[in-house]
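K.L.:
Protein chains in written order, with our numbering: chain A, 8 to 204; chain B, 2 to 573.
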Amino acid sequence: MTTNKNKMKKYIIQSIRLTLVLIVLLCVLYPISIALAGRFSKGNGGGEKITKNGKVIGYALLGQSFTKPEYFWGRPSAVGYNAAGSAGSNKGPSNPDYLKEVSNRIDTLLKYNPTIKKADIPADMVTASGSGLDPNISEQGAIIQIKRIAAYRKIDERKVTELVVENTSKPFLGLFGPSAVNVLKLNLALDEIISKK
Amino acid sequence: MNTEFLGIIATFLLTLVIAIPLGKYLAKVFAGEKVWTDFLKPLETGIYKLSGINPKEQMNWKQHLKVLLLINTVWIVYGFFVLLYQDKLPFNPDGNPGMTPDLAFNTIISFVANCNLQHYSGETGVSYLTQQYVLMFLQFVSAATGIAAAVVLFKAFRDKTTTNLGNFWEVFVKSITRLLLPLSIVMALILTFNGTPASYEGKDHFISMQGDTVHVSRGPAAQLIAIKHLGTNGGGYFGANSAHPFENPSYFTNMVEMIAQTIIPIAMVICFGYFIRRRKLGWTIFGVMTIGVLLLMIPTLTSELGGNSAIAKMGISQATGAMEGKEVRFGPTATAYWSTLTTVISTGSVNGMHDSTMPLTGAWQLLAMMINGFYGGCGVGILNYFIYLIIAVFISGLMVGRTPEFLGHKVEAREIKIAALITLLSPFLILVGTALSAHLFTHYGNAAWAVQPKTWLNNPNFHGFSEMLYEMTSSNANNGSGFEGLGDNNSFWNISTGIVIFLGRFLPIIGPVAIAGLLAQKKYIPESAGTLKVDTKTFALMTFAVIIVLNALSYFPALALGPLAEYFTMLK
Numbered sequence: 008m009t010t011n012k013n014k015m016k017k018y019i020i021q022s023i024r025l026t027l028v029l030i031v032l033l034c035v036l037y038p039i040s041i042a043l044a045g046r047f048s049k050g051n052g053g054g055e056k057i058t059k060n061g062k063v064i065g066y067a068l069l070g071q072s073f074t075k076p077e078y079f080w081g082r083p084s085a086v087g088y089n090a091a092g093s094a095g096s097n098k099g100p101s102n103p104d105y106l107k108e109v110s111n112r113i114d115t116l117l118k119y120n121p122t123i124k125k126a127d128i129p130a131d132m133v134t135a136s137g138s139g140l141d142p143n144i145s146e147q148g149a150i151i152q153i154k155r156i157a158a159y160r161k162i163d164e165r166k167v168t169e170l171v172v173e174n175t176s177k178p179f180l181g182l183f184g185p186s187a188v189n190v191l192k193l194n195l196a197l198d199e200i201i202s203k204k
Numbered sequence: 002m003n004t005e006f007l008g009i010i011a012t013f014l015l016t017l018v019i020a021i022p023l024g025k026y027l028a029k030v031f032a033g034e035k036v037w038t039d040f041l042k043p044l045e046t047g048i049y050k051l052s053g054i055n056p057k058e059q060m061n062w063k064q065h066l067k068v069l070l071l072i073n074t075v076w077i078v079y080g081f082f083v084l085l086y087q088d089k090l091p092f093n094p095d096g097n098p099g100m101t102p103d104l105a106f107n108t109i110i111s112f113v114a115n116c117n118l119q120h121y122s123g124e125t126g127v128s129y130l131t132q133q134y135v136l137m138f139l140q141f142v143s144a145a146t147g148i149a150a151a152v153v154l155f156k157a158f159r160d161k162t163t164t165n166l167g168n169f170w171e172v173f174v175k176s177i178t179r180l181l182l183p184l185s186i187v188m189a190l191i192l193t194f195n196g197t198p199a200s201y202e203g204k205d206h207f208i209s210m211q212g213d214t215v216h217v218s219r220g221p222a223a224q225l226i227a228i229k230h231l232g233t234n235g236g237g238y239f240g241a242n243s244a245h246p247f248e249n250p251s252y253f254t255n256m257v258e259m260i261a262q263t264i265i266p267i268a269m270v271i272c273f274g275y276f277i278r279r280r281k282l283g284w285t286i287f288g289v290m291t292i293g294v295l296l297l298m299i300p301t302l303t304s305e306l307g308g309n310s311a312i313a314k315m316g317i318s319q320a321t322g323a324m325e326g327k328e329v330r331f332g333p334t335a336t337a338y339w340s341t342l343t344t345v346i347s348t349g350s351v352n353g354m355h356d357s358t359m360p361l362t363g364a365w366q367l368l369a370m371m372i373n374g375f376y377g378g379c380g381v382g383i384l385n386y387f388i389y390l391i392i393a394v395f396i397s398g399l400m401v402g403r404t405p406e407f408l409g410h411k412v413e414a415r416e417i418k419i420a421a422l423i424t425l426l427s428p429f430l431i432l433v434g435t436a437l438s439a440h441l442f443t444h445y446g447n448a449a450w451a452v453q454p455k456t457w458l459n460n461p462n463f464h465g466f467s468e469m470l471y472e473m474t475s476s477n478a479n480n481g482s483g484f485e486g487l488g489d490n491n492s493f494w495n496i497s498t499g500i501v502i503f504l505g506r507f508l509p510i511i512g513p514v515a516i517a518g519l520l521a522q523k524k525y526i527p528e529s530a531g532t533l534k535v536d537t538k539t540f541a542l543m544t545f546a547v548i549i550v551l552n553a554l555s556y557f558p559a560l561a562l563g564p565l566a567e568y569f570t571m572l573k
């Protein structure tokens, strides 16, 4: 019996000591070395920032809210592009309130882009993303907005189309996954044409 | 062929290319044979010395379980108090509050159990200290616990008759030093150099192009995200998990994360075959599991790529598939692929919101977690599958009228009782848990609780029921994904799922290890003409049938009330 008790005591002490040793290895040495290596990455391990005239206007990876008609719009977001509280809508596919919301989004798009047809609207433009911070829209999502942007900014449609093409990323290695348009970079490029004029 | 499909095919092939050699490597590591990572021996010796461990000391199956449970208890006590008082401890640059006791209970059980169900949100619910010193720490050690438990079972079938099943500490430490930590370093670096934050800087803010002030949560995320996948944990750094652009910046990182969460579960199966010197058995199990995964994945792809029929009626284009809750950079194909992997394996990380997937997709996700043995979690996947094997051996034995045998050991009443209890545990926890919550929701909706049950659900009708069923299923499977619309941070859900996670973790570890330990003590019966061969196609089919029948009988009614009912409603 006493040997059993002693063994138990030994196991408990081993458990505590091993836990402490592993905390040093896994929670101090490992993450700090990665953080140090991260200083050599774009954005120095704090997330790559995008600046305009010396001011930070966003993070390269994070989508932001665009509602003005002279900008390309991003996807609907369940959290209003709150980068300190990411989330999706978590609406189920048959939820009637949700379907009403989607239908309203379609109407808004048609109102601001009167030349497009319903069948041209891609699903990503009327559904909320998983993170609420999706930086991308599909190519089709950008194409349906070209006429509106050109009209509001009084620039040639062809020029806007060129910008969309320039800001569309190809599939990974040209082979894997979808292509996508980065809305923030596209809008920055748009603003640049105006300031050049 | 379209690039989205090419993407998942390439991902799957790359997974196998990495996992199979990894399995062979692990078999050598656990057998103590020479491997190229032996240069890490001094590190291990140092760890043993500092912890007062003699790695040569042999343990029987009871001692293994004893130390496993003891060290897990130490982690529960440690983590619970740190989570509770994180607001008073350092490394909390965003000033996040301490957890309530029920939330701390749920969170600590969930992370110790490798489940990683999260009733808090990473941005607002934890500090940098708890992210790293509690949650990431547990992601390493809970995965290593699962692997070490599986290796006890492997050892039991390596020798003919034995009670010496190796040293728990040795396998546990080696799982970290030879597998989890090196792979995590590589993966964390890949993530960091593709945009995931890794530094300790606190929240940032900027003025957006349209003039809004935006706050940005950051922190040492890459380190945690690496082990979150490799260890099949799934608990994300940010609230939106791997849908968050920081947590999963590109299609490339998405491939890396999908591969990372699959390699160890597959490697463990291959390792089993090589370790017990019955390679064919390993490959047979791998075959059954892979067919199971494909049978869940193909209909998931069909259902997601078909889009939402209710939205199709509005006349817009769903050319690539359903997009609610998904990210454009991954697309519906890779998101559907991920949703199958993360539910068959007990990762539970998500790159798109499961609550918004199509009804049938939800059914496949649920079924994958109910089965919980196709690849399965780090180590525990093969333990769960072992229970199915024992049941299949027993039923086959009854069919031919002989005492059932498994790898040269008689399977008798005691072992079958344990296997039966473990088999019954899952439906008991899932169905009783769901029934209880549904009862509270319908009958006590206005109860004077801090959060009234009637406000729990984010979606009405059948889908609402699915939210509750999903939460209980995910807890029992130690999966950790959720139909996140469920309002789950309140005493009822925190306590009930905490209990389900705890039982759903430790009993399915104790059961198989005990069966293996008991079998290994018995006299070895050499193979004869009358021996049931467990590495044949016929027996593989038998196991598959057992898995399907057991799960269909247990769960069909619940699935019919939730996702299937929603599916048929939408057909109208």
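A virtual CB, placed ideally from N, CA and C, is assigned to each residue, including glycine.
Bear in mind that the values here come from a model prediction, so they are computed numbers and not experimental data.
Between which two residues does the alpha helix (DSSP H) holding Lys62(A) run?
P.N.:
As a working note, residue 62(A) is residue 55 in the first sequence. In the DSSP assignment, Lys62(A) falls outside any alpha helix (DSSP H) and lies within the beta strand (DSSP E) extending over 62 to 66.
K.L.:
Please state the DSSP three-state secondary structure of Asn13(A).
P.N.:
Here residue 13(A) corresponds to residue number 6 of the first sequence, with the count starting at 1. DSSP places Asn13(A) in helix when its eight states are reduced to three.
K.L.:
Pro129(A) by DSSP, collapsed to three states: which one?
P.N.:
Working through the first sequence from its first residue, we reach residue 129(A) at position 122. The answer is strand: DSSP assigns Pro129(A) an E or B state.
K.L.:
Reducing DSSP to helix, strand and coil, say where Ser93(A) ends up.
P.N.:
Taking the first residue of the first sequence as 1, we reach residue 93(A) at position 86. Three-state DSSP puts Ser93(A) in coil, outside helix and strand.
K.L.:
For a contact defined as C-beta to C-beta under 8 Å, what are the partners of Glu108(A) on chain C?
P.N.:
Within the model displayed, chain C is absent; protein chains A and B are what it includes.
K.L.:
Can you give the Cα-Cα distance for Asn552(B) and Leu565(B), rounded to whole angstroms?
P.N.:
As a position in the second sequence, residue 552(B) is number 551, starting the count at 1. As a position in the second sequence, residue 565(B) is number 564, starting the count at 1. About 16 Å.
K.L.:
If you reduce the DSSP assignment to three classes, tell me which class Lys524(B) lands in.
P.N.:
Numbered from its first residue, the second sequence carries residue 524(B) at position 523. Looking at Lys524(B) - three-state DSSP - the assignment turns out to be coil, as it is neither helix nor strand.
K.L.:
Helix, strand or coil for Ser340(B) per DSSP?
P.N.:
As a position in the second sequence, residue 340(B) is number 339, starting the count at 1. DSSP places Ser340(B) in helix when its eight states are reduced to three.
K.L.:
What separation, rounded to the nearest whole angstrom, lies between the Cα atoms of Phe158(B) and Arg403(B)?
P.N.:
Locating residue 158(B) in the second sequence gives position 157, where the first residue counts as 1. Locating residue 403(B) in the second sequence gives position 402, where the first residue counts as 1. If I take the Cα positions, the gap works out to 21 Å.
K.L.:
Can you list the residues of chain A that Asn352(B) reaches, using a CB-CB cut of under 8 Å?
P.N.:
As a position in the second sequence, residue 352(B) is number 351, starting the count at 1. Think of a sphere of 8 Å around the beta carbon of Asn352(B): the chain A residues whose beta carbon falls inside it are Gly137, in chain order.
K.L.:
Just to confirm the assignment: which complete alpha helix (DSSP H) runs, minimum length 4, are found wholly within the region 180 to 227 of chain B?
P.N.:
Runs of the alpha helix (DSSP H) inside the region 180 to 227 of chain B: 182 to 193.
K.L.:
Can you list, in chain order, the residues of its chain whose CB lies under 7 Å from that of Ile502(B), leaving out five sequence neighbours each side?
P.N.:
Sequence index remark: in the second sequence, residue 502(B) carries index 501 (1-based). Ile110, Ser111, Ala114, Cys116, Leu118, Ser476, Asn479, listed in sequence order.
K.L.:
Need the endpoints of the beta strand (DSSP E) that Lys56(A) sits in, please.
P.N.:
Here residue 56(A) refers to the residue found at position 49 when the first sequence is read from its first residue. That run of the beta strand (DSSP E) goes 56 to 59.
K.L.:
Can you give me the Cβ contacts of Ile496(B) inside the same chain, cut-off strictly under 8 Å, excluding the 5 residues immediately before and after it?
P.N.:
Residue numbering aside, residue 496(B) sits at position 495 when the second sequence is read from its first letter. So the list reads Asp103, Phe106, Asn107, once near-sequence residues are dropped.
K.L.:
How close, in whole Å, do the beta carbons of Lys455(B) and Phe442(B) come, if the pair is a contact with beta carbons under 8 Å?
P.N.:
Counting from 1 along the second sequence, the entry for residue 455(B) is found at position 454. Counting from 1 along the second sequence, the entry for residue 442(B) is found at position 441. With a Cβ gap of about 7 Å, Lys455(B) and Phe442(B) count as contacting.
K.L.:
Given that a residue counts as buried once 16 or more other Cβ atoms are within 10 Å of its Cβ, and exposed if not, what is Trp80(A)?
P.N.:
Residue 80(A) sits at position 73 when you count from the first residue of the first sequence. Buried: at least 16 other Cβ atoms inside 10 Å.
K.L.:
So does the region 302 to 311 of chain B actually touch the region 268 to 285 of chain B, counting three or more Cβ pairs closer than 8 Å?
P.N.:
no
K.L.:
Could you give the first and the last residue of the continuous beta strand (DSSP E) run that contains Ala187(A)?
P.N.:
For this step, residue 187(A) is matched to residue 180 along the first sequence. Per DSSP, Ala187(A) belongs to the beta strand (DSSP E) from 187 to 189.
K.L.:
Examine chain A for any beta-carbon lying closer than 9 Å to the beta-carbon of Ala541(B), and answer yes or no.
P.N.:
Position 540 of the second sequence, counted from the first residue, corresponds to residue 541(B). So no, Ala541(B) is outside the interface.
K.L.:
Could you confirm whether any beta carbon from chain A is found closer than 9 Å to the beta carbon of Met469(B)?
P.N.:
Within the second sequence, residue 469(B) is the residue found at index 468, counting from 1. No, Met469(B) lies away from the interface with chain A (no Cβ there is under 9 Å from its Cβ).
K.L.:
Out of curiosity, what's the CA-to-CA distance linking Gln224(B) and Gly236(B)?
P.N.:
As a working note, residue 224(B) is residue 223 in the second sequence. As a working note, residue 236(B) is residue 235 in the second sequence. Taking the straight line joining both Cα atoms gives about 12 Å.
K.L.:
Nearest to Ile526(B) by CA position, among Ala561(B), Ile511(B), Ala439(B), Lys411(B), is which residue?
P.N.:
By 1-based counting over the second sequence, the position of residue 526(B) is 525. For Ile526(B), the nearest C-alpha among the options comes from Lys411(B).
K.L.:
Indicate whether at least one CB of chain A lies closer than 9 Å to the CB of Lys229(B).
P.N.:
Residue 229(B) sits at position 228 when you count from the first residue of the second sequence. The beta carbon of Lys229(B) does not come within 9 Å of any beta carbon belonging to chain A, so the residue lies off that interface.
K.L.:
Less than 9 Å separating the beta-carbons of Leu27(B) and Leu32(A)?
P.N.:
If you number the second sequence from 1, residue 27(B) lands on position 26. If you number the first sequence from 1, residue 32(A) lands on position 25. No, they are not a contact pair.
K.L.:
Kindly indicate which three-state DSSP category Asn143(A) falls into: helix, strand or coil?
P.N.:
As a first step, residue 143(A) is located in the first sequence; it is residue number 136 there, counting from the start. Asn143(A) falls in the strand class under three-state DSSP.
K.L.:
Excluding five sequence neighbours on each side, which residues of the same chain lie with their C-beta closer than 8 Å to the C-beta of Asn120(A)?
P.N.:
For the purposes of this step, residue 120(A) is identified with residue 113 of the first sequence, where counting begins at 1. Cβ within range, chain order: Ile151, Gln152, Lys154, Arg155.
K.L.:
Considering only C-alpha positions, which residue in the set Phe253(B), Leu470(B), Asn491(B) is nearest to Trp450(B)?
P.N.:
Position 449 of the second sequence, counting from 1, holds the residue named residue 450(B). That would be Asn491(B), whose Cα lies nearest to the Cα of Trp450(B).
K.L.:
Quick check on Gly54(A) - is its C-beta less than 9 Å from some C-beta in chain B?
P.N.:
Against the first sequence, residue 54(A) aligns to sequence position 47. Yes, Gly54(A) lies at the interface with chain B (some Cβ there is under 9 Å from its Cβ).
K.L.:
Along the region 34 to 67 of chain B, what residues have a CB closer than 7 Å to any CB found in chain A?
P.N.:
Ile48, Leu51, Ser52, Gly53, Ile54, Lys67
K.L.:
Decide if Met210(B) is buried, meaning its Cβ has at least 16 other Cβ atoms within 10 Å, or exposed.
P.N.:
As a first step, residue 210(B) must be located in the second sequence, where it is residue number 209. Met210(B) should be labelled buried.
K.L.:
Consult DSSP for Lys314(B) and reduce its assignment to one of helix, strand or coil.
P.N.:
Numbered from 1 along the second sequence, position 313 holds the residue referred to as residue 314(B). Lys314(B): coil per DSSP, three-state reduction.
K.L.:
Among residues of its own chain, excluding the 5 on either side of Tyr556(B), which ones have a beta-carbon nearer than 6 Å to its beta-carbon?
P.N.:
Position 555 of the second sequence, counting from 1, holds the residue named residue 556(B). Excluding sequence neighbours, Tyr556(B) sits near Met371.
K.L.:
Please tell me whether Asn143(A) and Glu328(B) are closer than 9 Å, where the distance is taken between their beta carbons.
P.N.:
In the first sequence, residue 143(A) corresponds to position 136, counting from 1. In the second sequence, residue 328(B) corresponds to position 327, counting from 1. Yes. Within cutoff.
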